[in-house]
Amino acid sequence: MILHELIDYETLRVIWWLLLGVLLIGFAATDGFDLGVGTLLPFVAKTDTERRIAINTIGPVWEGNQVWLILAGGSIFAAWPPLYAVSFSGFYLAMFAILLALILRPVGFKYRSKRDSARWRNNWDWALFIGGFVPSLIFGVAVGNVLQGVPFRFADDMRIFYEGSFFGLLNPYAVLCGLLSVAMLVLHGASWLVLKASGPVAERARNYGSIAALCVIVLFALGGLLLALGIDGYRITSTISPAGPSNPLLKTAQHDGSWLANYSTYPWLLIAPVLGLLGAALSFAAMRARREVSTLLFSKLSIFGIIATVGVSMFPFILPSSLDPRSSLTVWDASSSHMTLFIMLVVSLIFLPIVAAYTAWVYKVLWGKVDEKSVTDKSGHAY
46 MILHELIDYE TLRVIWWLLL GVLLIGFAAT DGFDLGVGTL LPFVAKTDTE
96 RRIAINTIGP VWEGNQVWLI LAGGSIFAAW PPLYAVSFSG FYLAMFAILL
146 ALILRPVGFK YRSKRDSARW RNNWDWALFI GGFVPSLIFG VAVGNVLQGV
196 PFRFADDMRI FYEGSFFGLL NPYAVLCGLL SVAMLVLHGA SWLVLKASGP
246 VAERARNYGS IAALCVIVLF ALGGLLLALG IDGYRITSTI SPAGPSNPLL
296 KTAQHDGSWL ANYSTYPWLL IAPVLGLLGA ALSFAAMRAR REVSTLLFSK
346 LSIFGIIATV GVSMFPFILP SSLDPRSSLT VWDASSSHMT LFIMLVVSLI
396 FLPIVAAYTA WVYKVLWGKV DEKSVTDKSG HAY
């Protein structure tokens, strides 16, 4: 027996669909609070010292957290090549805007304290805000467009044609999803500041986080209602082999289904949206009760539920096509080869636990609150 045949192709495809979800949730649960803190920075911190307190809650960990985004992008490239090709080329300007915003973050961290000028530091603080808000918004807008279908198609020779535009991405439902993403990550950032910051910064974060939690509940519920009533899902209308070749054009599909059909077939999947709402509600309650650790954990629970809801609602679709439903990418026809998925799985089983263990160790070492004394000492370690 060839080694990679120890796990059949269908199972490997499902495993890599799950791993992609794990990596996206891992990114949102770690680097998500970095983005949230950046978005909150102009509002929770009024003085230079307060802004330094907020910045230094994420300063030691943001680089490690961003590894999850790199892992997610790498897994898309290696495990789902057509998905990478369509999304990274079709959403090119949106991706470029995200990249530009993310570049502002390390530059802002490094340069804001290089000059003793209030105007200089204020400008870099707004750059950090952009570095947090823009990716948070665009990630959500992208998900909103995926749920509606993306305007691409495959020619018979598998060439990709994308017929959308950047401003076409900013439709009402996608903007709603973008605002939900911002609210979700602002809640997460506020939960982190409540845990790690002290004094007025933590108090303001608690107030803004409470508002964000309520916004998450309302926007998530509204998004689900609109998805049920006003947005048609996609469904496969032909026979498709879960272990068949990776060629989307071998199937037929229609844009007349419902993204909620999976919940009728498998009612236990309802746990995903329930956790999304419950996590936000519990985070709000914990925040008002001044429970610092549980606030962050419930915020992570909400993130898990919201992202998982998108995945289980769309399964087996990964990227539906609004131009030609037949070209839609699914778990069964958009993956790499059997051997490639197996080799990647072996590598992931070795290195993913190492990344997780290192991340946990870093948080343990850096545990504790950031206060005025820690950012004003002369050691030079603080931003």
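Residue numbering for the sequence shown follows our numbering, beginning at 46 and increasing consecutively. Glycine residues also receive a C-beta, built at the ideal position from the N, C-alpha and C atoms.
Alpha carbon to alpha carbon, what distance is there between residue j and residue i?
i: Pro312; j: Gly321; result: 16 Å
i: Gly71; j: Arg160; result: 35 Å
i: Val407; j: Trp237; result: 15 Å
i: Val179; j: Leu51; result: 44 Å
i: Ser255; j: Lys241; result: 17 Å
i: Gly265; j: Val355; result: For clarity, residue 265 is Phe in the given sequence; the question names Gly instead. Taking the straight line joining both Cα atoms gives about 11 Å.
i: His233; j: Asp79; result: 9 Å
i: Asp53; j: Ser382; result: 11 Å
i: Met46; j: Ser380; result: Bear in mind that a pLDDT of 49 at Met46, under 50, signals an unreliable position, so the number given afterwards is only what the model happens to contain. Between Met46 and Ser380, the C-alpha separation is close to 23 Å.
i: Ser347; j: Ala325; result: 5 Å
i: Val391; j: Ala401; result: 16 Å
i: Arg166; j: Ser286; result: 58 Å
i: Leu128; j: Ser419; result: 45 Å
i: Ser421; j: Val152; result: At residue 421 the sequence reads Thr, which differs from the Ser that was named. Spanning the two alpha carbons is a distance of roughly 21 Å.
i: Ile60; j: Val131; result: 22 Å
i: Ser243; j: Val376; result: 46 Å
i: Leu85; j: Ala235; result: 8 Å
i: Phe212; j: Lys414; result: 42 Å
i: Val67; j: Arg58; result: 14 Å
Sorted by chain position, which residues of the same chain lie with C-beta nearer than 6 Å to residue i's C-beta, five sequence neighbours on each side aside?
i: Ala90; result: Arg96, Ala99 and Val246
i: Tyr308; result: Leu314 and Leu315
i: Ala306; result: none
i: His300; result: Asp277, Tyr279 and Pro370
i: Phe206; result: Arg198
i: Pro105; result: Leu411
i: Ala258; result: Leu232, Ala325, Ser328 and Phe329
i: Ser367; result: Gly194 and Pro196
If we define contact as Cβ-Cβ less than 8 Å, is residue i a contact residue for chain D?
i: Pro365; result: Within the model displayed, chain D is absent; a lone protein chain is all it includes.
Cutting at 8 Å between CB atoms, please list the residues of its own chain near residue i, excluding the five before and the five after it.
i: Leu65; result: Ala117, Ser120, Ile121, Ala124 and Trp125
i: Asp201; result: Leu294
i: Leu215; result: Val186
i: Asp76; result: Trp107, Asn110, Gln111, Trp113 and Leu114
i: Leu173; result: Gly83, Leu86, Ile100, Leu149, Arg150, Gly153, Phe154 and Arg157
i: Thr102; result: Val82, Trp237, Leu238, Lys241, Ala242 and Val415
Given the structure, does residue i come close to the ligand NAD, in the sense that its CB is under 7 Å from one of the ligand's heavy atoms?
i: Asp369; result: The ligand NAD is not part of the structure shown, which contains no ligands of any sort.
Applying the 10 Å Cβ sphere with the 16-neighbour rule, what's the burial state of residue i?
i: Met359; result: buried
i: Val263; result: exposed
i: Tyr290; result: Note that residue 290 is Pro in the sequence shown, not Tyr. The residue in question, Pro290, is exposed, as its Cβ has fewer than 16 Cβ neighbours within 10 Å.
i: Leu145; result: exposed
i: Asn292; result: exposed
i: Met25; result: Lying outside 46 to 428, the shown extent of the chain, residue 25 is not represented and no answer is given.
i: Arg150; result: buried
i: Thr56; result: exposed
i: Lys409; result: exposed
i: Trp171; result: exposed
i: Ala353; result: buried
i: Asn190; result: buried
Please work out which residues of its chain come closer than 7 Å, Cβ to Cβ, to residue i, disregarding the five sequence neighbours upstream and downstream, and give them in chain order.
i: Gly176; result: Gly83, Ala146, Leu147, Leu149, Arg150 and Gly153
i: Ser283; result: Lys296 and Thr297
May I have a chain-ordered list of the alpha helix (DSSP H) segments no shorter than 4 residues that lie completely inside the stretch 101 to 158? Runs found: 107 to 110, 112 to 124, 126 to 135 and 137 to 156.
Within the stretch 55 to 103, note down every full alpha helix (DSSP H) run reaching 4 residues or more, in order along the chain. Qualifying alpha helix (DSSP H) stretches, in chain order: 93 to 103.
Is there contact here, the stretch 222 to 236 with the stretch 179 to 189, by at least three beta-carbon pairs under 8 Å? The answer is yes - the stretch 179 to 189 touches the stretch 222 to 236, with three or more Cβ pairs under 8 Å.
Within the stretch 287 to 319, note down every full alpha helix (DSSP H) run reaching 4 residues or more, in order along the chain. If we require 4 residues or more, the alpha helix (DSSP H) runs fully inside the stretch 287 to 319 come out as 306 to 310.
At 3 residues or longer, and completely inside the stretch 186 to 238: list those beta strand (DSSP E) runs for me, N to C. List check, beta strand (DSSP E) in window: 197 to 199 and 205 to 207.
Is there contact between the stretch 326 to 342 and the stretch 248 to 256, where contact requires at least three CB pairs shorter than 8 Å? Yes, the stretch 326 to 342 touches the stretch 248 to 256.
Is it true that the stretch 148 to 168 meets the stretch 389 to 408, where meeting means three or more beta-carbon pairs spaced less than 8 Å apart? Verdict: no, contact absent.
In chain order, which beta strand (DSSP E) runs of at least 3 residues are fully inside the stretch 239 to 291? At a cut-off of 3 residues, the continuous stretches assigned as beta strand (DSSP E) that sit fully inside the stretch 239 to 291 are 278 to 281.
Suppose only complete runs of 3+ residues qualify. What are the beta strand (DSSP E) ranges in the stretch 342 to 374, listed by chain order? Whole beta strand (DSSP E) segments, 3+ residues: 362 to 364.
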